[in-house]
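Worksheet: one structure, shown below.
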Amino acid sequence: MTGFFLRWLLAFALLAASFNPTGYSYYGWAREAFDSELPMVVLAGLLLLVGYIIYLRATLRSIGAMGMVLVLAIAAALVWVLHDRGLLVLREGAARVWLGLGILSLVLGIGLSWSHVRRRISGQSDMDDVGD
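Numbering (our numbering), first residue to last: 5 to 136.
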């Protein structure tokens, strides 16, 4: 279980490092430093891109696009229920952004962890395609 939370936390860190409402993110920094520090902006962007490729490729291989949509739909329905019951109030834009980052990181965390979950449930290991 701690492995899943670590993968989820790393996915959240990747997303929050890219964009968040505080302004302390790649997006905020790149907008200000684009003209003066273009090489650093490009390098940091490429490093973030590598992180996204790792997470997205693993997620697509493990749960697929339909699985990603299903996890997003379940999370959206849960947010809807919590909001409908008055347990979740989303008046501020920043709260909605953080919630969105949390949900997207949940999708990526589940995608990266799904092979481990499947192996524990079924006792079978997933193998990558030999041709890749």
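The beta-carbon is built from N, C-alpha and C at its ideal position, and this holds for glycine as well.
Query: Buried/exposed call for F16, threshold 16 Cβ in 10 Å; Result: buried
Query: Reduced DSSP category for I67 - H, G, I as helix; E, B as strand; rest coil; Result: coil
Query: Distance CB(P25)-CB(A98) smaller than 7 Å; Result: yes
Query: 6 Å CB neighbourhood of L94 in its chain, flanking five on each side removed; Result: R100
Query: Nearest candidate by alpha-carbon position, reference I67, set L47, V121 and F9; Result: V121
Query: Where the alpha helix (DSSP H) containing F9 begins and where it ends; Result: T6 to S22
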